[in-house]
Each structure stands twice: as structure tokens, then as C-alpha cells.
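Residue numbers (this note's numbering), protein chains in the order written: chain F, 156 to 292; chain V, 9 to 142.
Note that CB positions come from ideal geometry on N, CA and C, so glycine has one too.
Report on the following structure.
This is the structure in C-alpha cells:
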């Protein structure tokens, strides 16, 4: 019963983890905007989220054994989802082999910030809905 | 939580850019310095950035690998009355190119601002995350 109520929350939780991971990758790109030879990284968010949402308990229960029937299942539990980092496509080649396009990275960064916040709001709204269901008002 | 390492990454970049600004300041300050009694004038310095892995894939900070000195010849000016003039009446100045240094300064300043902005954004996102469920 409780699992049904939290299933949607799990999905948003995974989305939030992925957003924070992407935020961090983008921050690294911006930090290395002047480093010679640095290759910008990024990942396909939609694909990563599909993979994370479709992942079964096999990964989530890694290293954790259920030794008692009364233990709660760890399916879809916390833990950072694995992402396949890719290299961004270079738009303007530079002499020092740095592939960071600062304008694009900044745009991605702001975009990711807004999406992170909206995911946060979805979670907050869901929690409020559940609370009002629990209190029965 | 991978959001916390944003502060490490952006912090390393800010510190590297600050060191770059420092080097630019010292170059500009010595732009007009003349050679001392040993005949050696000030050499323009430049920082070299290098990527440092910071926990986890895709998390890369920056550090100043080393500071190199330019080996271009110093600017020679004919000033026979100058106390530092050599036998032919020439004074050797530093090999700093002020235009190059100004461009370097603007670039460093912009990169610094970018990284500070990244840290501010990460901070406000984390603060909002702290209030989750409120």
C-alpha cells in the first residue's frame, strides 16, 4: 500500500539525482573553460532517466542482502544511478584543443537549474498531497 | 550527494583564475621595469592550467600546473642618459606586452565571474533541496 503511494516520489527522486549529477558535470565544463586539451562532457538526460526508472532491484540491492522476510524491499531505493558520460560535439575548434563552448554550457547550466527546481516542486507538491490524504482533511 | 562537489570544482577554478589574475598583475606592474646591474630584465610570466579529477566521473577541477617565463628578448630602447644604459646606450626593458596582459586579465576576470555564479546557483539549489517537503 505504502509502496503505491511512494512510487511516483521515487521517480522524481531519481530525476533529481540525475539533475544534480548533470549540474555537476556542467560545472566541471565551466570550470575547465580555459584548460588546454580539456574535452567537455555531458549526458543524455532523457535516456539516463529511462534507464534509471527501468532499472530493477538487481542494482538497488547490490551489496545489501535481505536476511529476514520482514525486511523492506530496496527496489527503486536511493543510490546514485549510473550514467553514460559522453563527449560534447565541438562547434568551434580552438588552438589549444579545448572543446568547451562556454555559451552552450552556460545555457545548459541555467536550463538544468530550472529543471532541477521544477522537479523539487513536483516532489513538494506530492508530499503535500500525501500529507493531506493522511490527515484526511 | 554530487551537488556538494560543485563547490570543490568551481572553487578550484576560482582559485586558479585568481592565481592567473595575480600573475597578470605582476606582469603589468613590471611592464616598464628595466634590467638591473646583472643585465637580466623582468620576464613575463604565464600560468598553465591542468585538469584535476575530483571524485567520480565527469567531475573535473582545475589547478595551476606551473608558471612559465616567456623567453622572448626584452624591449630595447635607446636612452644613452639612462643610468642603466649599456655600452651602446641601450636600456633593456621587460618583455611584457601590456595589450596581451589586458586581454588575459579580462579573460581571467570573466572566467572567475562564471565560476562564482556557478557556486551561487549550486548554493541556492542546495538550500531549496534542504527545504524539501515543506
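Under the three-pair Cβ rule at 8 Å, the segment 276-283 of chain F does not count as touching the segment 72-91 of chain V.
Residue 11(V) belongs to the set of residues whose beta carbon lies under 7 Å from a beta carbon in chain F. Cβ atoms of residue 238(F) and residue 203(F) come within 8 Å of each other, at about 5 Å.
Bounds of any beta strand (DSSP E) do not take in residue 238(F), whose DSSP letter is neither H nor E. Residue 108(V) is positioned such that its CB atom lies no closer than 7 Å to that of residue 36(V). Taking every protein chain shown into account, the CB of residue 52(V) has 16 or more other CB atoms within 10 angstroms, so this residue is buried. Note: residue 84(V) is bridge-paired with 100(V) in the DSSP secondary-structure output. Neighbours of residue 196(F) across chain V, judged by C-beta separation under 7 Å: 66.
Interface residue (Cβ-Cβ distance to chain V less than 7 Å): residue 274(F) is not classified as such.
The beta carbon of residue 62(V) is closer than 8 Å to those of 13, 16, 17, 20, 68, 69 in its chain, skipping five residues each way along the sequence. In summary, the residues of the segment 13-33 of chain V whose CB is separated from some CB of chain F by less than 7 Å are 13, 14, 17, 18, 20, 21, in the order they occur in the chain. Assigned with DSSP and collapsed to three states, residue 283(F) falls in helix.
Residue 165(F) has its alpha-carbon roughly 41 Å from the corresponding atom of residue 252(F). Straight-line measurement puts the Cα of residue 22(V) at about 51 Å from the Cα of residue 223(F).
One thing to note: residue 10(V) has its Cβ no nearer than 7 Å to the Cβ of residue 292(F).
Closer than 7 Å to the CB of residue 175(F) there is at least one CB belonging to chain V.
In this chain, the alpha helix (DSSP H) harbouring residue 159(F) covers 157-186. The contact set of residue 180(F) on chain V, defined by CB atoms closer than 8 Å, consists of 66, 67 in chain order. As computed with DSSP, residue 76(V) is found in a beta bridge with 54(V). A contact between stretches requires three or more CB pairs, one per stretch, nearer than 8 Å, and the segment 79-97 of chain V fails this requirement with the segment 264-273 of chain F.
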